[in-house]
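Just so you know, UniProt numbering puts 79 at position 79 of the sequence shown, and the rest follows in order with no gaps. Glycine is no exception: its CB is placed at the ideal position from the N, C-alpha and C atoms. Keep in mind the model is a prediction, meaning the values are calculated, not measured. Let me begin by presenting the structure, written as structure tokens, before commenting on it.
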Amino acid sequence: MFFTELVFAEQYKMKLIVDFSRFSEVKSDAVWLPPLVSPLEEVFFVAQDNGLIYLLDKDEPNNQHAILNLPLESNTPTFITLTAISLHPSFSLSEEPGYATFYTAHTTEFELDKSTNRLGLSDTDIDTETNFNFETVITAWTYDFDKQKINPETQREVLRIPITSKDKGIQQLTFDLYQKPWNPDYGQLYFSLKYDNELKTHSLYSGVILRIYPLMFGTREYTISQNNPFIKTPEINSEIVVMGAHDIQHFFWAKNSHESIFIQHNNNVQHWLSKAKVGDDLQSQAQPDFLWQQTNKMSPMLLYQGRNFLNLRNKMVFFTLIDDQWYLTSRPLEPLSNESPIIEEVSATQGIILGTNVSISQNNENEIIIFDHHQNKLYSLQSTNSQVIQTNDSGSVSSGFEATYIILFISILAVLIAVLFFTKRNNLVHKLALDPLDNKYARFEYLQTKESILLYKINQQKEHKPLNLKDIIRCEILLNSKVIAIIDSEAGNAISNLKETEIRALYTKEQNMKMGAEQTRQIEVILSDTDASYPVCLYLRKGNNRVTGTKYYRCVDILIDLCWVISKQLNPKVTETRIVPVVTFPHRHIPVATSQTADPASSRNNNANKSNKMLASSNLPTPKPEALKPEAQSTPKTEVVNALEKLVHLHKQGYLSDEEFSLAKTNLLQ
């Protein structure tokens with residue numbers, strides 16, 4: 001075994017959360033999949049491989065029921081097994097694309113007539129006699145929050161992949177939950193296809209991780225990010241992002257390492273952890289980047305991000321079977337050479353039948369949840385007391401550790417004093433910078449579907465004041481507390497393309513001026529209705545300290561977009577058609593279809609635009625054309641595509657009417 005030296009550990013115990021062993025529909029011979037946690041409340045989704053999916057409410061034991069019988073309600077007579085389930089990261093966000101979207105992966109018999117969404121075999125030399133008797137299928141569903149069930153009528157097939165045997169299907173469906181809605185990779189579905197030894201020379205069956213945007217785009221069931229590494233390699237499927245990984249059991253990300261995918265492998269002989277980057281072919285690497293490996297039976301692992309167990313935080317946590325006993329094991333994600341893991345005893349694991357599956361996951365607070373797949377029970381983890389689980393000479397060790405603890409205590413005390421000093425000083429500086437925001441709002445959201453504007457205080461997630469667009473009678477734009485433009489019902493105050501150019505010139509001139517240590521730079525808008533005025537400070541910088549989160553030019557863009565919306569509301573007849581500049585719009589992440597042709601707009605941007613929001617907390621400024629690298633500058637063809645993207649973006653958000661959109665598009669294509 002790999003732990004022969006003295007290892008100190010803290011003892012833990014398990015506390016029962018939910019017991020669903022009495023479900024009437026539960027089949028004793030079915031295999032349970034790892035549980036999912038609902039982002040709304042302490043509700044769990046669990047599923048069996050026979051296609052039954054359940055809802056578990058730990059606070060309401062009677063509220064435990066099946067929400068979908070996949071083979072029955074989906075009318076899939078050739079269904080074989082359910083292999084994975086997942087929730088879209090916008091599952092609980094009612095204004096976002098992906099709201100209430102539930103994904104499943106199942107294996108079915110090969111159906112020749114269902115070829116529309118089939119992932120084609122890019123390898124031209126694939127053996128025509130290969131028997132693809134089965135397929136693995138990803139399906140999207142809509143969850144009804146009122147009825148607390150999946151609506152079977154919302155079934156939408158995303159894609160299907162032919163496989164040679166029923167155990168070679170998709171093993172995991174997941175999203176990178178560290179990505180935020182403003183990140184370009186937000187909402188991309190990752191899934192792993194099992195290794196097929198007979199077809200290992202073909203990329204799709206070499207043990208791969210694939211990535212797609214699973215939301216509909218026009219008539220397409222999914223799209224592919226232009227950042228996928230193999231979209232220009234005809235012999236490799238464009239959906240693949242990592243290949244040659246062989247026996248993938250589980251994969252995940254670290255919070256501060258988005259560029260890396262950590263992969264847990266299991267070939268039934270040993271387990272090992274490797275690190276890959278998008279575009280890697282692990283099969284072709286002479287020395288794959290293995291972080292560590294072990295032969296003991298172990299559960300799928302997780303990177304612990306909770307706060308209840310500081311000794312486990314940011315470490316890999318999993319169960320290891322040692323001497324017929326399950327032990328909670330922790331070790332650094334990227335351990336030092338010959339570094340041993342820490343073995344933690346869990347006192348209640350005697351109740352878990354040996355040889356059965358145990359999985360470990362996290363709840364909404366990132367605390368550890370343990371699932372006993374055999375007895376159908378969910379547990380939380382609690383600490384009991386510290387102990388030594390292996391020892392050679394307890395007397396000499398304890399005296400040595402007393403001295404160590406004294407030194408450690410003094411060191412920690414000194415660090416705390418230093419931290420308190422610098423924190424107090426930084427808080428004072430930050431408080432002085434925040435003074436101008438005391439009586440103002442710091443950001444807003446424009447909801448085009450509701451024709452309303454939500455105002456937010458500094459560092460607040462819940463809106464403080466909603467304003468109806470029709471109630472706004474005046475909009476003032478300020479730079480450094482000086483009014484530079486007014487939008488109201490007077491014809492001379494309607495916004496125009498010339499006025500937009502003049503406003504941008506003022507902001508650009510201010511940005512190019514050097515700031516002193518005590519100077520401030522401020523972008524504000526004052527919205528007024530018949531009752532009061534509401535100042536919103538979108539951007540505030542004092543010297544080198546930027547108080548607000550949104551970058552300068554992004555604030556300018558958001559502000560001018562709002563001016564056009566308000567001007568059309570107050571002066572619909574005299575507000576002219578907005579001219580969209582071509583060269584200033586950045587070319588970002590255009591998804592391509594399965595045929596590897598570019599979509600007219602980025603799938604990620606399209607999904608984000610459906611929410612019809614102008615989020616002033618976004619931190620993505622519009623880059624200047626001269627800042628682009630020579631190889632990235634637009635050709636005439638891409639300039640037209642870029643302009644069309646901008647028109648679609650503005651039209652969907654309500655800044656252009658149908659007539660204005662059609663006219664601008666016609667002029668652009670002439």
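- C-alpha of Asn-63 to C-alpha of Ser-21: approximately 14 Å in a straight line.
- With a threshold of 16 other beta carbon atoms within 10 Å, Leu-40 falls short and is exposed.
- Counting the other Cβ atoms within 10 Å of the Cβ of Gly-51 gives 16 or more, which makes it buried.
- As for any beta strand (DSSP E) of minimum length 3 sitting wholly inside the stretch 160-211, the runs are 170-175, 189-193, ordered along the chain.
- When secondary structure is reduced to three states using DSSP, Glu-111 falls in the coil class, being assigned neither helix nor strand.
- Inter-segment contact for the stretch 255-266 and the stretch 175-187 is present: three or more beta-carbon pairs are separated by less than 8 Å.
- Distance from the CA of Tyr-456 to the CA of Phe-444, rounded to the nearest whole angstrom, comes to 6 Å.
- DSSP places Ser-567 in the uninterrupted alpha helix (DSSP H) bounded by 552-570.
- Note on Asp-59: under 16 other CB atoms within 10 angstroms of its CB, so exposed under the neighbour-count rule.
- Leu-559 sits away from Leu-527, with the two beta carbons spaced by 8 Å or more.
- As the crow flies, the alpha-carbon of Asn-227 is around 11 Å from that of Ile-212.
- In the structure shown, Gln-283 adopts helical secondary structure according to DSSP, grouped into three states.
- Beta-bridge partners of Met-301 (DSSP): none assigned.
- The C-alpha of Ile-17 lies about 5 Å from the C-alpha of Tyr-379.
- Shown here for Asn-480: same chain residues with a beta carbon closer than 8 Å to its own, the five before and five after excluded, namely Glu-510, Thr-520, Arg-521, Gln-522 in chain order.
- Here DSSP, grouped into helix, strand and coil, assigns Ala-100 to coil.
- Beta-bridge pairing by DSSP links Glu-660 to no other residue.
- In this model, Thr-174 and His-88 are separated by some 8 Å (Cα to Cα).
- In terms of Cβ geometry, Met-301 and Val-317 form a close pair [threshold 8 Å].
- With fewer than 16 other beta carbons inside 10 angstroms of its own, Ala-414 counts as exposed.
- Pairwise C-beta distances place the stretch 543-555 out of contact with the stretch 566-580, as fewer than three of them are shorter than 8 Å.
- For Thr-136, the uninterrupted beta strand (DSSP E) segment begins and ends at 134-144.
- By the C-beta density criterion, Phe-421 is exposed, having fewer than 16 other C-beta atoms within 10 angstroms.
- Boundaries of the alpha helix (DSSP H) harbouring Asn-497: 497-512, taken from the DSSP string.
- Assigned with DSSP and collapsed to three states, Glu-476 falls in strand.
- For Gly-516, the CB contacts under 8 Å within the same chain, skipping 5 residues up- and downstream, are Gly-543 in chain order.
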